[in-house]
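*Asks:* Dropping a structure here in structure tokens format, bear with me for questions.
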Amino acid sequence: MKASYLKQKIAFGVMRVLTLIVVGILAFILLYVLIRGIGSVLSWSFWADVPREGLTEGGIFPAIVGTLALTLLSILFACLIAIPAGIYMAEYAPKGWLKSSVDIMTNNLAGIPSIIFGLFGMTFFVVGLGMGDSLLAGSLTLAIMALPVIIRTTEQAVVGVPHDLRQASIALGATRFQTIYKITLPVALPRIITGIILSVGRVAGETAPILFTVAALYLPRLPHSLLDQVMALPYHLYILSVSSPEPDKSLPMAFGTALVLLLLVLGLNLVANAIRSHYKKKFKL
Numbered sequence: 028m029k030a031s032y033l034k035q036k037i038a039f040g041v042m043r044v045l046t047l048i049v050v051g052i053l054a055f056i057l058l059y060v061l062i063r064g065i066g067s068v069l070s071w072s073f074w075a076d077v078p079r080e081g082l083t084e085g086g087i088f089p090a091i092v093g094t095l096a097l098t099l100l101s102i103l104f105a106c107l108i109a110i111p112a113g114i115y116m117a118e119y120a121p122k123g124w125l126k127s128s129v130d131i132m133t134n135n136l137a138g139i140p141s142i143i144f145g146l147f148g149m150t151f152f153v154v155g156l157g158m159g160d161s162l163l164a165g166s167l168t169l170a171i172m173a174l175p176v177i178i179r180t181t182e183q184a185v186v187g188v189p190h191d192l193r194q195a196s197i198a199l200g201a202t203r204f205q206t207i208y209k210i211t212l213p214v215a216l217p218r219i220i221t222g223i224i225l226s227v228g229r230v231a232g233e234t235a236p237i238l239f240t241v242a243a244l245y246l247p248r249l250p251h252s253l254l255d256q257v258m259a260l261p262y263h264l265y266i267l268s269v270s271s272p273e274p275d276k277s278l279p280m281a282f283g284t285a286l287v288l289l290l291l292v293l294g295l296n297l298v299a300n301a302i303r304s305h306y307k308k309k310f311k312l
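If you read the sequence shown in the numbering used here, its first letter stands for residue 28, the second for the next number, and so on.
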């Protein structure tokens with residue numbers, strides 16, 4: 028008994044140390060970016076101005092707007108497909124080879140490198156459908172990247188709703204669709220939002236897909252339609268880091284851009300978490 032207890036203590040101790048190491052690495056990265064980028068971020072012109080002098084001066088306002096537009100549109104497009112697909116897989120799809128095949132393909136889709144999504148978006152949306160390098164083409168490409176996570180979390184969230192709630196709803200005369208719409212989906216919504224939060228973090232920071240489909244090197248104006256190109260923070264950060272002719276000037280701008288991107292993703296996640304907490308309280312079981 029003492030040997031088993033000792034092994035348990037050692038295992039918990041190792042897991043605790045590994046957890047602290049992971050947290051420490053994350054804290055170090057965040058602190059490093061914060062220290063190197065805070066000088067730029069504290070300047071109002073950095074947030075509100077357009078880039079100048081080969082991107083080494085001015086601000087990143089067009090890139091902020093472009094990233095927000097790409098992220099929100101891609102998540103919207105992804106949710107319009109992924110949430111109904113996840114509900115279908117959980118509630119309607121019969122068990123068999125078809126459901127198993129869809130599960131396998133969904134899992135494989137999540138593992139495809141982002142640059143392949145970019146190549147697909149360029150050949151299918153930009154060239155094939157004639158969208159050109161545009162906000163629409165970039166958003167649709169990023170939406171495809173977000174599909175697997177949202178589909179899987181939606182399916183698992185719906186399956187996790189207690190069966191008693193469904194039986195009670197049907198016993199009161201509701202149809203299956205009404206039960207899903209009025210009972211199952213609201214209760215599962217907090218876990219669905221978790222999948223959306225994970226997807227936001229991924230699509231907001233992707234560079235390869237937008238490089239092929241939408242990102243502009245220098246475009247000091249805001250988009251006027253879905254067929255316009257936009258600047259984006261990840262691509263802007265890449266250019267400042269590796270392609271600038273004046274690294275002494277561009278590196279502070281690069282760290283400032285990285286910090287803004289982190290703050291942007293954090294802000295979107297906080298909004299999504301607030302919505303999730305609201306529904307958790309509203310449908311607490």
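Even for Gly, the Cβ is constructed at its ideal location relative to N, Cα and C.
#1: Starting from F151, trace the alpha helix (DSSP H) in both directions and tell me its first and last residue.
#2: List the DSSP bridge partners of P78.
#3: Which residues in the same chain as A184 place their Cβ atom closer than 6 Å to its Cβ, once the five residues preceding and following it in sequence are excluded?
#4: How many angstroms separate the CA atom of V44 from the CA atom of V50?
#5: Rounded to a whole number of angstroms, what is the C-alpha to C-alpha distance between I171 and L146?
#6: May I ask which residues mark the beginning and end of the alpha helix (DSSP H) holding K126?
#7: Pick from S166, A259 and K276: whose alpha carbon is nearest that of G81?
#8: So, using beta-carbon positions, are P236 and S141 closer together than 9 Å?
#9: Within this structure, are the beta carbons of A129 and G283 separated by less than 9 Å?
#10: In whole angstroms, what is the alpha-carbon distance linking G113 and L103?
#11: Whose CA, out of V227, S196, L174 and S166, lies closest to the CA of L289?
#12: Kindly identify the DSSP beta-bridge partner or partners of V257.
#13: Looking only at its own chain, which residues have a Cβ that is under 6 Å from the Cβ of A242, when we skip the five neighbours before and after it?
#14: Excluding the five sequence neighbours on either side, which residues of its own chain have a C-beta within less than 6 Å of the C-beta of I110, listed in chain order?
#15: N134 to I65, Cα distance in whole Å?
#16: Using alpha carbons as the reference points, say which of I87, I52 and L53 lies closest to V257.
#17: Are the beta-carbon atoms belonging to S252 and S166 less than 9 Å from one another?
#18: Return the CA-CA distance between C106 and T221, expressed in angstroms with no decimal places.
#19: So, with DSSP's three-state summary, where would you put E118?
#20: When you compare each of K126, A231, D160 and E118 to L246 by their alpha carbons, which one comes out closest?
#21: Rounded to the nearest angstrom, how far is the Cβ of E233 from that of L297, given a contact under 8 Å?
#22: Is it true that the CB of I91 sits closer than 9 Å to the CB of L291?
#23: Give me the Cα-Cα distance between A173 and Y306, rounded to the nearest whole angstrom.
#24: Report buried or exposed for G200, applying the criterion of at least 16 other Cβ atoms within 10 angstroms of its Cβ.
#25: For G187, which option in T211, A164, S196 and L95 has the closest C-alpha, if you only look at C-alpha atoms?
#26: Can you give me the C-alpha to C-alpha distance between S304 and L125, rounded to a whole angstrom?
*Replies:* Let me spell this out:
#1: Looking at the DSSP string, F151 is not in any alpha helix (DSSP H), and its letter there is neither H nor E.
#2: G85
#3: A215, R218 and I219
#4: 10 Å
#5: 13 Å
#6: W124 to A137
#7: K276
#8: yes
#9: The residue you asked about is not Ala; residue 129 is Val in the sequence shown. No, the pair does not count as a contact, with Cβ atoms beyond the cut-off.
#10: Each residue's Cα considered, the two are about 15 Å apart.
#11: For L289, the closest C-alpha among the options V227, S196, L174 and S166 is that of V227.
#12: DSSP lists A242 as partners of V257.
#13: So the list reads A259 and Y262, once near-sequence residues are dropped.
#14: T181
#15: Distance from the CA of N134 to the CA of I65, rounded to the nearest whole angstrom, comes to 39 Å.
#16: I87
#17: Judged by beta-carbon spacing, S166 lies beyond the 9 Å limit of S252, meaning their Cβ atoms are not closer than that value.
#18: 12 Å
#19: helix
#20: D160
#21: So it is not a contact: roughly 21 Å between Cβ atoms.
#22: yes
#23: 22 Å
#24: Burial is judged here by how many other beta carbons sit within 10 angstroms of a residue's own beta carbon; G200 has fewer than 16 and is exposed.
#25: T211
#26: Straight-line Cα distance between these residues: approximately 35 Å.
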